[in-house]
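The next block holds one structure in the form of structure tokens; read it before the comments.
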Amino acid sequence: MPASSTTRCSCTSPQRVVELAGMQQHCDFLTQDSTAQEDGSKQRPDLTVTLTGGRTIFVDSKVPLSSYLDAHDASEPAVIEAKLQAHAKSVKAHVDALAKKEYWNQPGLQSPELVVLFIPGEAFLAPALERDTTLLDAAMEKKVIIATPTTLVAMLRTIEFSWRQERLSQNAQKILDLGKEMFDRIQKVSTDFAGVGKALGKATDAYNAAVGSLETRLFVTARKLHELGSSPNDVEAPAAQDKGLRPLTSIPGDVSQPTDIAGDGYGDTTDLQPGQGQRSAG
2 MPASSTTRCS CTSPQRVVEL AGMQQHCDFL TQDSTAQEDG SKQRPDLTVT
52 LTGGRTIFVD SKVPLSSYLD AHDASEPAVI EAKLQAHAKS VKAHVDALAK
102 KEYWNQPGLQ SPELVVLFIP GEAFLAPALE RDTTLLDAAM EKKVIIATPT
152 TLVAMLRTIE FSWRQERLSQ NAQKILDLGK EMFDRIQKVS TDFAGVGKAL
202 GKATDAYNAA VGSLETRLFV TARKLHELGS SPNDVEAPAA QDKGLRPLTS
252 IPGDVSQPTD IAGDGYGDTT DLQPGQGQRS AG
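Okay, so the sequence shown: first residue is 2 according to my numbering, each after it adds one.
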């Protein structure tokens, strides 16, 4: 395997993977903090990914790559092969060590029983798999998921999609709550308007009763005085008011225009006199 400076540097950082997946809001890079195990030992993952429901996935990116890089710097085939064999063994050893840490077994945290081992490029994983074909299966049996930038981006984008669905669900619930609140308020306003209608009816009754009192108690005498010539002008009682309120059957789009409730093109004909605005038969 010839050395190549381009291949040697073709690695992707976990930070860049998180950016590509659009998961910055739900990922924390733990460069300094360590987490406590139940036995008091300290563990330090490189990245924590927050899932919906408060669960967490841990990502470790401390896989040793020195043997792989030494292979790229070597020119003799035997040395290259020896370094790549050492690289496969170092990856396997890191899988075993990572499985023993059991990041998911931390008090107070909800985490799937797995940890992600991030390898910063497919080129670093392929030689190890060629020399240890059982590496992936053995890692998964120990609850270690080996991920390259491509697979980690896919994993994070799936998680990001679940977050979007969670937000949509929360917004739908908020819309439902607002709808219930608006319905309750509409019922309250409707009840208030019904009370106003009853009050208007009572006021109309009182007004008509007062008009009746004027007619029967005062205006009778006033008219007799007028007939006897004591007053040049006759008196007229105020008109009584119709108690019934017109029912509102539709809400006009423009209140300044008459509403065609009947749908016959004549608008509101309630106030027309008999014979006005009527359709001719035939």
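Here a beta-carbon is modelled for each residue, glycine too, at the ideal position from N, C-alpha and C. Computed from a predicted model, the values in this text were never measured in an experiment.
Apart from the five residues just before and just after residue i, which ones in its own chain have a Cβ nearer than 6 Å to its Cβ?
| i | result |
| --- | --- |
| Val117 | Val60, Ile146, Ala148 |
| Gly23 | Glu161 |
| Val18 | Pro150, Leu153, Val154 |
| Ile120 | Val64, Leu126, Thr149 |
| Val50 | Cys28, Ile58 |
On the DSSP bridge assignment, give the partners of residue i in chain order.
| i | result |
| --- | --- |
| Cys12 | BP columns for Cys12 are empty, so no partner. |
| Gln111 | Arg56 |
DSSP on residue i, reduced to helix/strand/coil?
| i | result |
| --- | --- |
| Arg45 | coil |
| Val116 | strand |
| Val64 | coil |
| Thr51 | strand |
| Met24 | coil |
| Thr152 | helix |
| Thr135 | coil |
| Leu242 | It should be noted that the sequence gives Gln, not Leu, for residue 242. If DSSP states are grouped into helix, strand and coil, Gln242 belongs with coil. |
| Asn106 | coil |
| Pro237 | A small fix is needed here, since residue 237 is Glu in this sequence, not Pro. DSSP places Glu237 in coil when its eight states are reduced to three. |
| Ala75 | coil |
| Thr36 | Any answer about Thr36 is weak, because its pLDDT of 48 lies below 50 and its placement is not dependable; what the coordinates show is given next. Thr36 falls in the strand class under three-state DSSP. |
Looking at the secondary structure, which residues open and close the alpha helix (DSSP H) in which residue i lies?
| i | result |
| --- | --- |
| Val96 | 78-102 |
| Asp29 | Segment 28-30 is the beta strand (DSSP E) holding Asp29; no alpha helix (DSSP H) there. |
| Thr222 | 221-228 |
Output needed for residue i: all residues of its chain with C-beta closer than 8 Å, excluding positions within five of it in sequence on either side, in chain order.
| i | result |
| --- | --- |
| Gln111 | Gly54, Gly55, Arg56, Thr57 |
| Gly41 | Confidence at Gly41 is low in this model, with a pLDDT of 43, below 50, so the placement of that residue is unreliable and no value is reported for it. |
| Ala204 | none |
| Pro239 | Val212, Leu215 |
| Leu136 | Ala89, Val92, Lys93, Val96, Ala129, Leu130, Ile147 |
At which residues does the beta strand (DSSP E) containing residue i begin and terminate?
| i | result |
| --- | --- |
| Val60 | 57-61 |
| Phe125 | Where Phe125 is concerned, there is no enclosing beta strand (DSSP E), although the alpha helix (DSSP H) it sits in stretches over 123-132. |
| Val145 | 145-148 |
Taking 7 Å as the limit between beta carbons, can you name the residues of its chain near residue i, skipping five residues before and five after?
| i | result |
| --- | --- |
| Gln166 | none |
| Phe184 | none |
| Arg132 | Leu85, Gln86, Ala89 |
| Leu99 | Asp61, Val116, Leu118, Val145 |
| Trp164 | His27, Thr53 |
State yes or no: is the C-beta of residue i nearer than 7 Å to some heavy atom of the ligand FAD?
| i | result |
| --- | --- |
| Arg132 | The ligand FAD is not part of this structure, which contains no ligands at all. |
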